Structures are given as C-alpha cells and as structure tokens.
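*Asks:*
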Amino acid sequence: MISKQVASAAEAVADIPDGASIMIGGFGEAGSPIELIHALIDQGAKNLTVISNNTGSGEVGLAALLQARRVTKVICSFPKTANSTVFPELYNEGFTALELVPQGTLAERIRAGGAGIPAFYTPAAVGTPLGEEKETRVLGGREYLLEFGLTADFALVKGQQADTFGNTLYNKTARNFGPIMAMAGATTIVQAANVVAAGEIDPETVVTPGIFVDRVVHVVDPLVESKLIAAGVSYP
Amino acid sequence: MISKQVASAAEAVADIPDGASIMIGGFGEAGSPIELIHALIDQGAKNLTVISNNTGSGEVGLAALLQARRVTKVICSFPKTANSTVFPELYNEGFTALELVPQGTLAERIRAGGAGIPAFYTPAAVGTPLGEEKETRVLGGREYLLEFGLTADFALVKGQQADTFGNTLYNKTARNFGPIMAMAGATTIVQAANVVAAGEIDPETVVTPGIFVDRVVHVVDPLVESKLIAAGVSYP
Amino acid sequence: MTDGAQGWTREQMAQRLAQDIADGSYVNLGIGIPELIANHVPEGRTFIYHTENGLLGMGPAPDEGDEDPELVNAGKKYVTAIDGAAFFHHADSFAMIRGGHLDLSVLGAMQVSQHGDLANWSTGKPGAIPGVGGAMDLVAGVKQVFVITQHCTKAGEPKLVEQCAYPLTGKAVVDRIYTNLAVIEVTADGFACIERAPGVAFDTVAAATGAPLIDRCGAAS
Amino acid sequence: MTDGAQGWTREQMAQRLAQDIADGSYVNLGIGIPELIANHVPEGRTFIYHTENGLLGMGPAPDEGDEDPELVNAGKKYVTAIDGAAFFHHADSFAMIRGGHLDLSVLGAMQVSQHGDLANWSTGKPGAIPGVGGAMDLVAGVKQVFVITQHCTKAGEPKLVEQCAYPLTGKAVVDRIYTNLAVIEVTADGFACIERAPGVAFDTVAAATGAPLIDRCGAAS
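Chains as they are written, first to last, in our numbering: chain S, 12 to 247; chain E, 12 to 247; chain B, 14 to 234; chain P, 14 to 234.
#1: For Ile280/S, which beta-bridge partners are listed by DSSP?
#2: Does any CB atom of chain E fall closer than 7 Å to the CB of Leu157/S?
#3: Which runs of the alpha helix (DSSP H) fall wholly inside the region 15-76 of chain P and span at least 4 residues, in chain order?
#4: What does the Cβ neighbour count give for Glu77/B, buried or exposed, with the cut at 16 atoms within 10 Å?
#5: Just to confirm before moving on: does the CB-CB distance between Ala195/B and Cys177/B stay below 7 Å?
#6: With H, G and I counted as helix, E and B as strand and the rest as coil, what does DSSP make of Ser73/S?
#7: Give me the chain B residues within the contact set of Thr133/S, using Cβ-Cβ distance strictly less than 7 Å, ordered along the chain.
#8: Just to confirm, is the Cβ distance from Leu131/P to Val40/P under 7 Å?
#9: Cutting at 7 Å between CB atoms, please list the residues of its own chain near Tyr102/E, excluding the five before and the five after it.
#10: Please list the residues of the region 179-213 of chain P that have a C-beta atom closer than 7 Å to any C-beta atom in chain E, keeping them in chain order.
#11: In chain order, what residues of the same chain have a beta carbon less than 8 Å from the beta carbon of Met71/P, not counting five sequence neighbours either side?
#12: Could you work out which residue in Pro220/E, Ala203/E, Pro214/E and Phe223/E is closest to Pro44/E when comparing CA atoms only?
#13: In chain order, what residues of the same chain lie with their CB nearer than 6 Å to the CB of Ala41/E, ignoring the 5 residues before and after it?
#14: Are the Cβ atoms of Val119/P and Leu181/P separated by less than 7 Å?
#15: In terms of DSSP beta bridges, what is Gln16/E paired with?
#16: Please determine if the region 132-151 of chain B and the region 197-217 of chain S are in contact, where contact requires at least 3 C-beta pairs separated by less than 8 Å.
#17: Across which residues does DSSP place Lys169/E in a beta bridge pair?
#18: How about Pro190/E and His102/P: are their beta carbons less than 7 Å apart?
#19: If you measure from the beta carbon of Ala123/E to each beta carbon in chain B, is any gap under 7 Å?
#20: When DSSP labels each residue in this structure, what does Cys206/P get in the three-state scheme?
#21: Around the C-beta of Met149/B, are 16 or more other C-beta atoms found within 10 angstroms, so that it is buried, or is it exposed?
#22: Ala104/B: buried (16+ other C-beta within 10 angstroms of its C-beta) or exposed?
#23: With DSSP run on the structure shown, which of helix, strand or coil describes Pro238/B?
#24: His229/E: which of Gly37/E, Val168/E and Arg122/E sits nearest, CA to CA?
#25: Excluding sequence positions up to five away, which residues of its chain have a Cβ less than 7 Å from the Cβ of Glu175/B?
#26: So which residues of chain S does His128/B contact, with C-beta pairs closer than 8 Å?
#27: Looking at the unbroken alpha helix (DSSP H) that takes in Ala195/S, where does it start and where does it end?
#28: Alpha carbons only, please: which of Val199/B, Val145/B and Gly113/B is nearest the one belonging to Phe159/B?
#29: Could you check how far apart the C-beta atoms of Ile128/E and Thr133/S are, in whole angstroms? I think they sit under 8 Å.
#30: State yes or no: is the C-beta of Ile200/S nearer than 6 Å to some heavy atom of the ligand NAD?
#31: Expressed to the nearest angstrom, what Euclidean distance is found between the alpha-carbon atoms of Met123/P and Gly154/P?
#32: Can you list, in chain order, the residues of the region 218-229 of chain B whose Cβ is nearer than 8 Å to any Cβ on chain A?
#33: Tell me, to the nearest whole angstrom, how far the beta carbon of Phe131/S is from that of Glu119/S; I am working on the premise that it is less than 8 Å.
#34: How about Ala163/S and Ser32/S: are their beta carbons less than 7 Å apart?
#35: What does the Cβ neighbour count give for Asn64/E, buried or exposed, with the cut at 16 atoms within 10 Å?
#36: Is it buried or exposed for Val85/S, if we count other Cβ within 10 angstroms and need 16 for buried?
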C-alpha cells in the first residue's frame, strides 16, 4: 500500500541539506507553508537558495527563515511586502543575494523546470533592466528573451486537502505557485489541513496529481501569518 | 449579463472561413466534438488545416470532415487509428498533407501557443527523422530541439459541463487536448452536454477558465463515434 | 505646472476610463488608482476582473468578518469571488496574460514616454530594494494597456515625457493615458490629447506634459 | 536463429520484467506485450500506471457493459480508474513524462541497437503512413526505459542489432531489454546478457543477437 504520509513537519524536512535550493509556495501569506518553514528553521539547514514570490512579512514563516540567516540567495518577483523589514536588511548587508524575475517569467520558469523544458522565449522584460545581458531573439517580427527552466532540490507547498498518494487540492488563491512548484521540486513536501485515503478525492478535481508529491504532512490547523504578525509573534 | 451561449452548433461554426486553421480536441473518439465537426461539414468551409491528435475513424466526425475533402493539411501525432481508411487515401493521393509531431511536443506546442510562448526547447525527437532539419541546441550538456508555439483560428472542444461564462469541465480521459486547445484557439467553441448558469460550477474545480472560451453550445446527448461506426453510419 | 486638485478627481478619472471598457471585457486592474475603476462600471456593462495571483472573477472586498487570508488580490488585499469565478495556478494565470487573453490592463505609472514606454516599478536608486511583480508580463501580454495617473508628480514634474528616466517596465506598450487633466493617446506621432477635463485648457495640458502634445480633442468628441 | 516458442512465453517475459519494478513506481506501459505486465505485479507491490492521454492510476479493463468511451488508454482500449486516480490534460500529462516524473516506460521494439538506440514507430517504407504518438517523448523523458520484445522477428532476424536500420524513436535511450530468451542490459560496452531463460544457452542468445553480446549472467545471479 502506497502512502506518502509522514508523521510530522520535522520528519518531512529532516533531510534538507545545507546549500539546498528550495521552492516555497505562497503569494504573501496566502499559501505559505508556515509549519514546514518553521520546521526547517528548527532543523538548521543553512546557505539555502529560496525560490518564492515574496520574502515574507514580520518575523514568522519565510521572513523568520531569512532572519535566522539561513538563506543566502532569493529568487523572487517582489521582495517588498508590507511589514517586510527582514529581507531589506539582509540584502543591504550583502548577506542575501537577490535574483529579481518578473512574476510571469518566474511562474513559467518553474513550470518549464517541472515539465522538462530547459528553456523558452518570452516577451516579458524585453528592453528593460531585467532583460539586459539576456539572450534575445526575434521571432515573427517580435523580440523575445531566452529564459531557463527552474528546478529545486525541494519544494514546500501548502495544500488544503491531500490523499495518501499525494493528490492535492488547494484553497482559493492559496493555490498560486503550489502546483507548479510541486512539479519542479526534486522532492516535494505538501502540508495539508486534511489528509484522506486515496480514493476520497474525485479524480476530476485533483489539482496536483500525486506523482508530483513525495511527502504529505497533516497540519491540522495551520497558522495564519497575518494573525501571528498582528499578535507580535516572532519565530522561533 | 455575459453569456457566451449560442443557439446551435451551426451558429457556432458559421463564421469559419475557407483556409482556416482549426484545432479539434479528442484522443480517438474520447473528447471528439462530433456535433461541431458535423456542423462544420454542413457549413462547407474548405482548404482547412486541422490540428488534432488523430485523423478520425470510420466515416463520421473528423474522418467525415476529411472525406468531404475539406482538409488540406493535418498536424497530428498518430494518423493511423483503427478503422481509419479515409486519411491514408487522401494522404497517398496527395490531397491532404501531414505534419507529424510527437504527441508531447504537439501538446506543448499548443500549450505554448495559448500561453504566449513563441518557442521552447524539448528533448523529444532529437536524433530521429522528426528532428531532422530542426534547429538544435545543447543546454546543460544535452541536445534539444527548438519547437514553436502553435495557435489556430478556431478550436473545437468537447466539454461535459460549461457555464455561461465559458468555464468548462470535462469527462475523464475526454479531457485530453481540450483545455490546451481552448487556450490556443483565437476563437474557441465548446460543446457541452450540460450548460449551466455562471455560479453553478465550483470555482475550485474549473478546468478551463471561461476567458479561454468564446462560444458555448448545448449538445444534450452527444453522439458516440464508436457506436455510429458499429452501426455503419456515414456523415452526412 | 499643475496642482493635483485641477481637473478630474481620482474617482472621476476612474469613471472616465471605465467608459472606454467594452462590455464583457476581461480586465486586470493594477494597485492604486486602477482599483477605483471597479466602482464605476457603466450601467449595463459587466467586466470580469483577473488578478494574477490566480483568480478570474474577482469581486469586491468582503464584509468585515468575512475576510479570508487565502482569498486576496495582487495587492494582497482581501477580495471575494463572483458567481462564475475560477481559481488556477500562477503559470495558468500568466498564460492568460502573456497569451493575449486579457482585453485590458490598467496600471499606474511613474513615467510614460511619447513612444509608449512605461516606467512604473523602480526609481533605479542605488540601495533601493527593487520589486517588479507581474507588471512586465502584463504590459508585454495584454491586448490593451491603459495608464491611469496624475498628470504630474507631487513635486509638479511631468510624468509624460520624451524619454523615461526611470528603468522601464516595457517599451512601446502603453496605448492610452488617463490623467486628472486629460485623456491622451500614444500615437505614432507621439502624445495626442483626445479629451480634456472640464475647464482645463489645451495649453494647460501641454504645459504639464514633458513632450510635444498633439491636439485631437475635436476629433474625439 | 530461434523460434518464438523457445525460452519464456510472453506472459513469462512480462512476469520477469515486473520483478524489476520497485514498489510504488509510476509506470507507463506501451501497447502490446507491455500491457501484460499489469497482470504480473509481484505480491506486496503496487505500481501506479500512467497513460499519456491523461490518467494517472489506470486500472484494469472494465466489466462488460461498464465500458466508457471517454475512459480509455493510449491504445484507445477501455480502462478503469483506481482509487486515488487523477485526470489531467495532455500538456500536464507530458510534463510528467518529459519532466522525468515517471519511473519507468516499457515499450515494444522493432530494433534496439547496442548503444541503446530504439526504433519502434516506422519501417520507413515509402507510402506507409507514419504515426509516432508519444513514444519519442517517453524515451526522451522517463527515468528508465525497458523494452520487452521477442528476441527475433517472425522472419527470424535479430531485433538487437549493431545499428538500427529503421528510423529511430530515440538515441541511446534503452536501459534494458526483456526478450523470450534473456534479459539484456545496454552498457557502455554494448549488450550484456544478465539472465537467460531456463534451458537457453548463452550461445543461443548470442547467435540470435545481431551485435556482440557480453556474458554477465553469472554476475547477475
């Protein structure tokens, strides 16, 4: 009997080594896998490259991982979230490097990485500073940039419901980067508020097929980032 | 009030001109929009380029469109379906040209076309006759082919359920090329056995968001290709 | 130089822009003044709002107490989903954008050049943390790009210029500009004023514009 | 030259191959002999079958009367979906294949070269209608590619050859070959026989192979 369920967030992230590249789902707090991130802070891996749309808020979740000085590079589209003071300090100090990628290019690079497409052309960022030093090509009379697929050693994703095969459903706009990061992570870890037996999810409604998921962790009542911040919490 | 519903298959295909490129969903009979194809036969447009995985079976649906000598080029991965005698004759006669594309490359080209990606690299078909005369490039030590996004003037898609905004659900493996062809058709026409008001489909389960769909036709009890063939039917 | 109080208010600018959106359009509204457009949909028309974080059919802000931190817009504000909405992942969302499926993107601007170049993401100052989000994808992919902005900066400098001094979001991407003073089209010949706010003279608009301005207000009416 | 009756039967070939598939593997089975593998899953293991037309968790053929023409496999035969299955579209399906998410692809062959080149889609005869389907994507993307085939053609010609005469499906893509006579690994040094069917001598296998054959049967046992 196949079951990808592991007992805890700690167990799920236990083998993430120093120097790993990690995709972390979420758009702001929506879809941010806080419990997995906190387990990763506890675990201690450092010198990480994090691929995520933002850089976290307050001093919990993704921001807390940065604040713990575990992340030496961030690949993201928008590091300037409200209440985001951690990343600017680390960036200005020179501790954490930034690769800024237009949001759609970031999404497509992740999807391409997961789909075995090593590179593709896109019109976004042509003629802008983010297109400088990139290879360009005119196709059908229009100029495009060559962009490369992006994969990661691990992907941390927040689902709403998952079954033991790893099939995953999401909640509203918390879906965002989850499904494509699940594709692009060599090892994909899903935390879900609801874990059910294979067969409990209608196969027509599956968003992330289980083949993209390696480990499922049941996180019953996930923390809400904005509530933690409002309460003045910092992690750890 | 937005409604994309049109009264009939005939109305839905009325403006398809001679020389149009048309994506037609389906993998064999599963997902083949027979009623839309038959309406297109009745309508009379000719010199069409058809992009579809197969070339139809018997003398109904896609095969009947070919048999009516309306299609001068087919782009597909597998033109040799069981009971497929129509295409081989037209091909050997020189009436219908064939561009043979590996199935995954075909799917990705369609998805790229719909996603505004003009070209991408893929490992499929490298070193084979289907890779000859294609541009190649070594990336990360591996050789890839450059393939181009594919769009079409029209896409004909069979859904199971659609709402008046065009949001579409599919039935089992009849989903196949439907969602990506809906993205890649300049005008996408969906036939669905069940048409409902906007709001009747759970937004979490939508497979094809309505933005990709231009027209919805209610086809209550769609024909089943294999049953028609077993009954010896030819269309018209 | 003009002051911000002259001509249309922000709400009037949004109302004016909304008149130029066809019924049934799929629209992405940027953060700031663009968001006001949702309050001014003309009678008898329906717009479907796309937010790049994965929702088509975005509705208004929820009632207090109904906020869901997992139902937000691109500005991370709480929103709702209308009947007929759909959720999808980021790659699908930007497939809509890049693939030309959206009818209109409305964005704010720091500068717009007479060639339609847009600068709206970075001052380019050293040490500032840059953040681009989805703006470069929107301007590269959406069928029409409208800018809605005050005609001049708070310091009174023109935002409509010959060449953008700030780093670009996209080259030759802006179709029209809606300001407090006027509606301005980006043409092959440069900026063309096609409509002025009540009581605003053409010379006032021209003086507040940092590039040559063609007067086509007559033609547009 | 060998006759088809020698060595393992088709069912035994499938059974032998199935022993080399790890528990929990995601497997794509080609049309023909590969399909028999589903009948021989070793006790205590579960394989999840992928069919490229959009189903993960393909189950056995339905009972008579339960066939659904919209639930088929890549060979267009009626199938079922197991508990825990998922449906998806073609681009997602080939993302699984091309992206290296499947553990194993089992295919039939017309010819396999000593370098692992596979020919299984076309005789290259003029006038024949070519059809490639998903084979080129499978061999380019799946982690391991096993071929299952009779050792020789019906005419007695070797299918394992120095160079494929037929048009290729992929270059250097085959990892192992399971025939009626033997299990053969494609190594950097060419074909290596790692196991023989009961009663089949190494010389018999070598004689039926159109390229040099290394004997590693001892090492494998």
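For every residue, glycine included, the Cβ atom is placed at its ideal position computed from N, Cα and C.
All values reported here derive from a predicted model rather than from experimental measurement.
*Replies:* The relevant details are as follows:
#1: Not covered by the structure: residue 280/S. The range shown for chain S is 12 to 247.
#2: To locate residue 157/S, count along the first sequence from 1; it is residue 146. Leu157/S does not count as touching chain E.
#3: 23-31
#4: Numbered from 1 along the third sequence, position 64 holds the residue referred to as residue 77/B. By the 10 Å Cβ count, Glu77/B comes out exposed.
#5: To locate residue 195/B, count along the third sequence from 1; it is residue 182. To locate residue 177/B, count along the third sequence from 1; it is residue 164. No, they are not a contact pair.
#6: Working through the first sequence from its first residue, we reach residue 73/S at position 62. The sequence shown places Leu at residue 73/S, rather than the Ser named in the question. In this structure, Leu73/S counts as helix in the three-state DSSP scheme.
#7: Within the first sequence, numbered from 1, the residue matching residue 133/S stands at position 122. Going along chain B in sequence order, the residues near Thr133/S (Cβ under 7 Å) are Arg111.
#8: Locating residue 131/P in the fourth sequence gives position 118, counting from the first residue. Locating residue 40/P in the fourth sequence gives position 27, counting from the first residue. Cβ distance not < 7 Å, so Leu131/P and Val40/P don't count as in contact.
#9: If you number the second sequence from 1, residue 102/E lands on position 91. Leu109.
#10: Pro180, Leu181, Thr182, Gly183 and Lys184
#11: The count along the fourth sequence starts at 1 and reaches residue 71/P at position 58. Answer for Met71/P: Tyr62, His63, Thr64, Asn86, Val92, Thr93, Ala94, Ile95 and Ala98, listed in chain order.
#12: By 1-based counting over the second sequence, the position of residue 44/E is 33. It is Ala203/E whose Cα lies nearest to the Cα of Pro44/E.
#13: Mapped onto the second sequence, residue 41/E falls at position 30. Around Ala41/E: Thr184 and Ala185.
#14: Counted from its first residue, the fourth sequence places residue 119/P at position 106. Counted from its first residue, the fourth sequence places residue 181/P at position 168. No, the pair does not count as a contact, with Cβ atoms beyond the cut-off.
#15: Locating residue 16/E in the second sequence gives position 5, where the first residue counts as 1. According to DSSP, Gln16/E bridges with Val227/E.
#16: no
#17: For the purposes of this step, residue 169/E is identified with residue 158 of the second sequence, where counting begins at 1. Paired residue(s): Gln202/E.
#18: As a working mapping, residue 190/E is identified with position 179 in the second sequence. As a working mapping, residue 102/P is identified with position 89 in the fourth sequence. Against a cut-off of 7 Å, the Cβ pair of His102/P and Pro190/E comes out as a contact.
#19: On the second sequence, residue 123/E is found 112 positions in, with the first residue counted as 1. Output row for Ala123/E: interface = no.
#20: Residue numbering aside, residue 206/P sits at position 193 when the fourth sequence is read from its first letter. Cys206/P: strand per DSSP, three-state reduction.
#21: Against the third sequence, residue 149/B aligns to sequence position 136. Classification for Met149/B: buried.
#22: Taking the first residue of the third sequence as 1, we reach residue 104/B at position 91. Buried, since its Cβ has 16 or more Cβ neighbours within 10 Å.
#23: Outside the modelled stretch of chain B, which goes from 14 to 234, sits residue 238/B, for which no answer is possible.
#24: Residue 229/E sits at position 218 when you count from the first residue of the second sequence. Closest option to His229/E, Cα to Cα, is Val168/E.
#25: On the third sequence, position 162 is the one that residue 175/B refers to. Ser126, Gln127, Gly223 and Ala224, listed in sequence order.
#26: Here residue 128/B refers to the residue found at position 115 of the third sequence. What His128/B touches in chain S: nothing, since even the nearest Cβ is about 11 Å away.
#27: As a working mapping, residue 195/S is identified with position 184 in the first sequence. Segment Gly189 to Ala195, the alpha helix (DSSP H) holding Ala195/S.
#28: Walking along the third sequence from the start, residue 159/B turns up at place 146. Checking every option, the nearest Cα to that of Phe159/B belongs to Val199/B.
#29: Taking the second sequence and counting its residues from 1, one reaches residue 128/E at position 117. Taking the first sequence and counting its residues from 1, one reaches residue 133/S at position 122. So it is a contact: roughly 6 Å between Cβ atoms.
#30: Of the ligands one can find in the structure shown there are none, so the ligand NAD has no counterpart to examine.
#31: Looking up residue 123/P in the fourth sequence gives position 110. Looking up residue 154/P in the fourth sequence gives position 141. Cα-Cα distance, rounded: 20 Å.
#32: The structure shown contains no chain A; the protein chains it does contain are S, E, B and P.
#33: Translated into the one-based positions of the first sequence, residue 131/S becomes position 120. Translated into the one-based positions of the first sequence, residue 119/S becomes position 108. Right, their Cβ atoms sit about 7 Å apart.
#34: Taking the first residue of the first sequence as position 1, residue 163/S is located at position 152. Taking the first residue of the first sequence as position 1, residue 32/S is located at position 21. Yes, Cβ-Cβ distance for Ala163/S and Ser32/S is below 7 Å.
#35: As a position in the second sequence, residue 64/E is number 53, starting the count at 1. By the 10 Å Cβ count, Asn64/E comes out buried.
#36: Sequence index remark: in the first sequence, residue 85/S carries index 74 (1-based). With 16 or more Cβ atoms within 10 Å of its Cβ, Val85/S is classed as buried.
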